[in-house]
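Counting in UniProt numbering, the sequence shown runs from 1 upward without gaps. Below is one structure, written out as structure tokens, with a few remarks after it.
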Amino acid sequence: MSAEAGHGASVRIEACGKTFVDGTRALEPATLDIARGETLVLLGPSGCGKTTMLRIIAGLEAPDPGGRVLFDSKDMTAVPIERRNVGMVFQSYALFPNMTVADNIGYGLKIRGMPDKERAARVAELVALTNISGLENRRIDQLSGGQRQRVALARAVAIRPGILLLDEPLTALDAALRDRLRGELNRLLRALGITTIYVTHDQSEAMELGDRVVVMQKGTIAQIGTPREIYFTPRSRFVAEFIGAANIVEAAIEDGHLVLPGGRQPVHCDGDMSAAVAMIRPETIRVAAAKDASLSGTIDSVSFIGDRQRLVVSGASNRLLTVDAPNTVQARPGERIGLSISPDAVRLLPPEY
């Protein structure tokens with residue numbers, strides 16, 4: 001465990017909205033509390049307001065009148081970015097090409113007047129922590145994308161910031177490298193213990209890195225929760241469909257059952273409900289023998305997706321469900337299939353959706 005563990009500031013954004021000079025409303029007034037040492041992920045599509053919120057926290061944008069930003073209960077709204085003690089990593093990394101790796105990492109320490117010996121020790125500590133030993137004297141243009149990402153992170157945390165802000169730092173990398181570095185970044189954030197706010201449009205990054213995830217939609221907060229809460233208990237159709245694969249089913253309810261083209265599915269619901277929009281995750285549906293099946297249908301297609309296969313199953317003339325089944329299940333297009341779904345796996349969404 002690094003000596004940094006447990007280092008971090010609490011953050012509160014209070015009624016922070018953002019309207020640009022051309023009248024564009026980028027962010028509706030939002031209030032959000034982030035605990036010391038927490039990794040909070042701001043997740044959403046392009047234009048949802050997540051980067052605007054990050055920039056307000058950093059001090060790169062001012063909130064609309066009435067909004068406040070507090071670090072450890074201290075009002076920082078009017079404090080410039082250089083006095084907020086935040087570290088930042090951008091998608092472009094913004095490294096200095098004319099400096100070595102070591103000089104890049106130690107740059108913030110140098111301008112703060114840290115003595116050479118102490119600065120060298122801090123750089124060495126971070127080089128080891130980020131697994132870039134041996135690269136200290138290389139120029140930035142001699143590094144791979146993954147190595148540059150590590151240097152940018154080391155530079156951001158060198159000054160021991162109270163808050164680390166990351167704006168889509170893995171987006172520019174290829175898929176395989178992105179997956180590997182996501183795991184490394186998760187390890188580093190846990191070891192450092194710095195309060196971290198991470199912006200991404202990638203749901204996999206959000207699920208793996210976040211203690212909590214804030215799903216944003218059109219400048220508003222759609223839902224806040226742990227990755228498990230967001231995935232299994234979405235509060236809206238937007239969240240359900242944005243986070244992972246989801247079957248969204250609109251159906252009548254009769255005697256505690258969803259009436260579907262392939263049968264009747266038991267659900268937990270209020271007694272007076274007559275219709276609902278339901279979400280069912282593909283991996284929660286089980287292929288079952290006819291005697292154990294609550295639904296049945298015809299396999300339209302089978303797609304191999306690595307550790308499982310994805311079946312599209314239709315009932316009557318309508319598409320019924322997408323099902324993720326083990327590769328051991330024998331499934332061919334045109335065959336009849338039985339399906340079983342636990343009532344606990346059916347999430348009824350609010351009626352306004």
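Just so it is clear, CB atoms sit at the ideal spot from N, CA and C, and this is done for glycine as well. Treat the numbers as computed from the prediction; the structure is a model and nothing was measured.
On the CB-based measure, 16 or more other CB atoms within 10 Å of its CB, does residue i come out buried or exposed?
i    : result
Q203 : buried
A5   : At A5 the pLDDT is 47, less than 50, meaning the model places this residue with poor confidence and gives no usable figure here.
K50  : buried
I56  : buried
F20  : exposed
E168 : buried
I221 : buried
P350 : exposed
I111 : exposed
T52  : buried
T31  : exposed
R122 : buried
N137 : exposed
G297 : buried
A325 : buried
I105 : buried
A275 : exposed
R336 : exposed
G17  : buried
P333 : exposed
E254 : exposed
E205 : buried
Look at the alpha carbon of residue i and the alpha carbon of residue j, and state the distance between them as a whole number of angstroms.
i    : j    : result
V69  : V11  : 7 angstroms
L135 : V101 : 7 angstroms
A120 : V213 : 36 angstroms
I13  : L339 : 46 angstroms
A3   : P65  : Residue placement at A3 is poorly supported in this model, since its pLDDT is 39, which falls under 50; the coordinates still yield a value, given next. Roughly 39 angstroms between the two C-alpha positions.
V22  : R148 : It is Asp, not Val, that sits at residue 22 in the sequence shown. Each residue's alpha carbon lies about 36 angstroms from the other.
A240 : V329 : 27 angstroms
G244 : Y231 : 7 angstroms
D116 : L126 : 15 angstroms
T252 : G263 : The question names Thr, but residue 252 in the sequence shown is Ala. The alpha-carbon atoms of A252 and G263 are separated by roughly 12 angstroms.
P234 : I248 : 12 angstroms
A128 : A152 : 14 angstroms
D307 : E283 : 12 angstroms
G183 : L209 : 8 angstroms
I81  : R36  : 19 angstroms
Q91  : Y198 : 11 angstroms
L166 : V89  : 5 angstroms
R99  : P161 : Per the sequence shown, the amino acid found at residue 99 is Met instead of Arg. Their Cα atoms are separated by approximately 22 angstroms.
C269 : N327 : 33 angstroms
Y93  : V302 : 41 angstroms
Q309 : L321 : 14 angstroms
I299 : E229 : 31 angstroms
C48  : L27  : 8 angstroms
D33  : F304 : 42 angstroms
R83  : Q223 : 31 angstroms
Who are residue i's beta bridge partners in DSSP?
i    : result
M216 : I221
E14  : R68
M279 : I248, R347
T284 : Per DSSP, none; premise fails for T284.
S342 : The partner list for S342 (beta bridge, DSSP) is empty, contrary to what the question assumes.
A325 : Q309
G297 : I337
V41  : Y198, V213
L27  : K18
D167 : V199
F304 : Q309
Can you name, in chain order, every residue of its own chain whose Cβ lies under 6 angstroms from the Cβ of residue i, other than the five neighbours on each side?
i    : result
T196 : T39, L164, L189
V346 : V267, A278, I280
R286 : S340
M207 : P227
I140 : L95, P97
R155 : N104, I105
Please go through the same chain and pick out, in chain order, the residues whose beta-carbon is closer than 7 angstroms to the beta-carbon of residue i, but skip the five residues on each side of it.
i    : result
R150 : T130, N131, I132
G225 : R212, V213
V25  : Per the sequence shown, the amino acid found at residue 25 is Arg instead of Val. Closer than 7 angstroms at the Cβ level, and outside the excluded window around R25, lie T19, G219.
L109 : R119, R122, A158, I159
L237 : The question names Leu, but residue 237 is Arg in the sequence shown. The answer, listed in chain order, is I248, V277, L349, Y353.
L60  : I81
G44  : K50, H201, V215, M216, Q217
G113 : none
T171 : Q91
A246 : A240, M279, R281
Quick one: what's got a C-beta closer than 8 angstroms to residue i's C-beta in the same chain, skipping five residues either side?
i    : result
G146 : L173, L177, R180, L181
S46  : H201
E186 : The identity of residue 186 in the sequence shown is Asn, whereas the question assumes Glu. So the list reads E208, L209, once near-sequence residues are dropped.
D292 : G338, S340
Does chain B have any CB closer than 7 angstroms to the CB of residue i?
i    : result
A156 : Absence of chain B from the displayed structure is noted, only one protein chain being present.
Does the distance between the C-beta of residue i and the nearest non-hydrogen atom of the ligand ADP fall short of 6 angstroms?
i    : result
S236 : As for the ligand ADP, it is missing from this structure, which has no ligand bound.
In chain order, which beta strand (DSSP E) runs of at least 3 residues are fully inside the segment 240–273? 247–254, 257–260, 263–266
Enumerate, from N- to C-terminal direction, the unbroken beta strand (DSSP E) stretches of 3 or more residues contained entirely within the segment 71–144. 86–89
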